[in-house]
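Q: Dropping the structure in here first, questions after.
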């Protein structure tokens, strides 16, 4: 009995394959369009996945809590004195001031990110040296006056040709000279590409920020389980301050990436709908030969269920092949071409754009998601036409 | 939160299944009104063709529902990343009151669609189609379930607001916490395990008895036993088995088992438990229609097959669920 069943299934599969081959132009056209739809959706999914992974990796090293002063709903400089008010909260390892901002270079028409850090104060500050391709991080103000570390594309844009000095304008248009003491390695481009790092005093000088004020305060917490409690205590102690925890920032990134990817998927739904209509149409249009073929099969003793089985095997084979082709193409697109088609949509529009190498991680769940998005509508679109073709009466085609 | 690929995929699948259900429902109404087994009118021939359509549609619907069931749990796991305080799917599902009901309706839906397909398979084995009316009545009864399923799922997705505080599973299923968020507590591990082993032994014995000699009351007991065993197993998986799999005493979550970190172990576990319950319970349900014309032999054959399958799957399931436990007892933990 089992053997008989197996043989029957194999014969049905065999017939489905040969039937696909006999109508190869029709099958191939559906297959190609289907693969293209899967390619688009899968690329989108993979880019989102890889980007949110990257964001997670990056955020793992940010300070546990960031404090920003808010005034009239906008961020403004925070007094250093606020840091001292936190002294009474147990569990805070260190409070480190930071000045950062964007500098628009009018000569080269590019935006730089300028960061003033107290490298020696940061708990992991010593390890920052590992991100440099050469040189050292700028030390405290008295030793490292005017020393900066720059990212790869700053080096390129400034076209320094061997010189190590350059100048930037202060807000009052006086020039402030800098000397490059190191450069970031290309491996960290996603973060450091457009970055200039200097010490806090230089950054304050460059941006003309009054003494005693900084952009934000980074709070380092020793025990990760205490982050939420400490954040709550800080916001009670300093009501005008926005307290951002690392996990909050992480979740916000997730929402943004999810939102963008969902938005992309909605746009692609139009493509999916067009494909489903195509599949429906291709499956519905029965040529006289096909009607004849089914009528002959019925005369030979095939049942409606057998023909339905053949049709559903055909759909499954087409979907399987399209999935393999589409997902492989998507993987190649993301890994080797850095998702050239979708990068602008997912990443923002900055002028200095880092070279980004994305490595998607495909879990079974993501594959299932892509399948649910594409294969289920396809199967649903072909089932009613399949039934129509399976119920062609045996005499209709032969008699006439 | 609809603007997320997971929500969109779930909604899309829900709509597709509803569409298939509606087409099948149309056939059901026509069959119930116009079915005349003896007639050879055009109408009757058309209807005989249409029952193929509806059964194929329900079969597809079943397949799609199984996919959405898995997708739903994985989506909840994905959503937990955007909900503050939720650490895995449990937290995400409890983020609003529709999560758990949606999951349960989906789970039980899979059983009902399966029973319907069983009814259909039995029906077409007989030349007289003796079950047509029952089958289509059942199909019409399935439709509200389908609508409920999609509604709950939509309400759940609509209710997910990123950044609401929910309890994570360590709190929900933990032992030391009281309060209303504690879904499963108050059972002693030892007692649960004893009941679990007892239930496995009881089912094995009853199944063996049934294979030797078919008795109606025993078959009924066997089916009821399986339904009870399903609930018991879900509790045991959550409170006992899961933390041995994770090797973390306070992580008691029935969903993280499905993740790649644990080698997709949950798919094996649930993939054995759910079909086993289906076969165990369906043997008795098939017995209900044995009296119909031309079905006696078919039903007998199916019942023996179903009991055998449920026993094999039961052995697989108990092997899987005790694997980590025994490994821990024998080798003393990870590594």
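Residue numbers (the working numbering), protein chains in the order written: chain A, 176 to 575; chain B, 28 to 362. Backbone N, C-alpha and C fix where the C-beta goes; we use that ideal spot for every residue, glycine too. Computed from a predicted structure; not experimentally measured.
1. Could you tell me the distance, in whole angstroms, from the CA atom of residue 353 of chain B to the CA atom of residue 269 of chain B?
2. Specify the secondary structure class of residue 67 of chain B as computed by DSSP and reduced to three states.
3. Which chain B residues sit within Cβ distance under 9 Å of residue 195 of chain A?
4. Which whole-angstrom value is the C-beta distance of residue 133 of chain A and residue 430 of chain A, which I expect to be below 8 Å?
5. Leaving out the 5 sequence neighbours to the left and right, which residues in its chain are closer than 7 Å to residue 303 of chain B when beta-carbon positions are compared?
6. Out of A:533, A:566 and A:283, point me to the one whose CA is closest to residue 363 of chain A's CA.
7. Which residues in the same chain have their Cβ closer than 8 Å to the Cβ of residue 93 of chain B, if we skip the five residues on either side of it in sequence?
8. Compile a chain-ordered list of the residues in the stretch 283 to 301 of chain B whose CB is closer than 9 Å to at least one CB of chain A.
9. Expressed to the nearest angstrom, what Euclidean distance is found between the alpha-carbon atoms of residue 417 of chain A and residue 451 of chain A?
10. Would residue 303 of chain B pass as an interface residue toward chain A - the criterion being a Cβ-Cβ separation below 8 Å?
11. Going along the chain, which residues of the stretch 527 to 558 of chain A sit with their C-beta nearer than 8 Å to a C-beta in chain B?
12. In chain order, which continuous runs of the alpha helix (DSSP H) of length 4 or greater are located wholly inside the stretch 45 to 128 of chain B?
13. Tell me which residue opens and which closes the beta strand (DSSP E) that residue 393 of chain A is part of.
14. Using DSSP bridges, identify the partner residues of residue 292 of chain A.
15. List the DSSP bridge partners of residue 341 of chain A.
16. Closer than 7 Å by C-beta to residue 284 of chain B: which residues in its own chain qualify, once you throw out the five before and the five after it? Chain order, please.
17. Residues of chain A with CB closer than 7 Å to the CB of residue 97 of chain B, please, in chain order.
18. For residue 406 of chain A and chain B, any beta-carbon pair shorter than 8 Å?
19. Residue 69 of chain B versus chain A: which residues are under 7 Å apart at the beta carbon?
20. If you draw a straight line from the C-alpha of residue 178 of chain A to the C-alpha of residue 35 of chain B, how long is it?
21. Taking only three categories from DSSP, how would you classify residue 410 of chain A?
22. Under 6 Å Cβ to Cβ from residue 250 of chain A, same chain only, skipping five residues before and after it: list those, please.
23. Looking at C-alpha atoms only, which residue of A:274, A:370 and A:283 is the closest neighbour of residue 357 of chain A?
24. Using a Cβ cut-off of 8 Å, pull out every chain B residue sitting near residue 434 of chain A, in sequence order please.
25. Check residue 359 of chain B in the structure and name its three-state DSSP category.
26. If we define contact as Cβ-Cβ less than 8 Å, is residue 91 of chain B a contact residue for chain A?
27. Just to confirm my understanding: we take residue 140 of chain B, look at its own chain, exclude 5 residues before and 5 after, and list those with CB closer than 8 Å. What are they?
28. Determine which residues of the stretch 42 to 53 of chain B have a Cβ less than 8 Å from any Cβ of chain A, and write them out in chain order.
29. When you check each C-beta in the stretch 76 to 88 of chain B against every C-beta of chain A, which residues fall closer than 7 Å?
A: Per the coordinate set shown:
1. So the two alpha carbons sit approximately 13 Å from each other.
2. DSSP places residue 67 of chain B in coil when its eight states are reduced to three.
3. Against chain B, the beta carbon of residue 195 of chain A has no neighbour under 9 Å; the closest one sits roughly 19 Å away.
4. Past the edges of chain A, shown from 176 to 575, lies residue 133 of chain A, and the structure says nothing about it.
5. These residues qualify, in order along the chain: 337, 340, 341 and 344.
6. Of A:533, A:566 and A:283, the residue nearest in Cα terms is A:533.
7. Around residue 93 of chain B: 137.
8. Near chain A, meaning a CB-to-CB distance below 9 Å, the residues of the stretch 283 to 301 of chain B are 285, 286, 287, 291 and 294.
9. Each residue's alpha carbon lies about 49 Å from the other.
10. It does not; no Cβ of chain A falls within 8 Å.
11. Residues of the stretch 527 to 558 of chain A with a C-beta less than 8 Å from any C-beta of chain B: 538, 539, 540, 543, 544, 546, 547, 548, 551, 552, 554, 555 and 558, listed in chain order.
12. Qualifying alpha helix (DSSP H) stretches, in chain order: 69 to 106 and 116 to 120.
13. The continuous beta strand (DSSP E) containing residue 393 of chain A extends over residues 391 to 396.
14. Residue pairing by DSSP puts residue 292 of chain A in a beta bridge opposite A:273 and A:374.
15. When DSSP reads this structure, residue 341 of chain A sits in a beta bridge with A:353.
16. 269, 272, 292, 293 and 296, listed in sequence order.
17. Under the 7 Å cutoff, chain A gives 543.
18. At least 8 Å separates the CB of residue 406 of chain A from every CB of chain B.
19. Residues of chain A whose Cβ lies closer than 7 Å to the Cβ of residue 69 of chain B do not exist, since the nearest Cβ in that chain is about 11 Å away.
20. For residue 178 of chain A and residue 35 of chain B, the distance between alpha carbons rounds to 42 Å.
21. Three-state DSSP puts residue 410 of chain A in a helix.
22. In the same chain as residue 250 of chain A, and ignoring 5 residues on each side of it, the C-beta atoms closer than 6 Å to its own belong to 243, in chain order.
23. From the listed residues A:274, A:370 and A:283, the smallest Cα separation to residue 357 of chain A is found for A:370.
24. Within 8 Å Cβ-Cβ: 30 and 31.
25. Looking at residue 359 of chain B - three-state DSSP - the assignment turns out to be coil, as it is neither helix nor strand.
26. Yes, contact with chain A.
27. Contacts found: 85, 88, 89, 92 and 169.
28. Result list: 43, 46, 47 and 50.
29. For the stretch 76 to 88 of chain B, the residues whose beta carbon sits under 7 Å from a beta carbon of chain A are, in order, 76, 79, 80, 83, 84 and 87.
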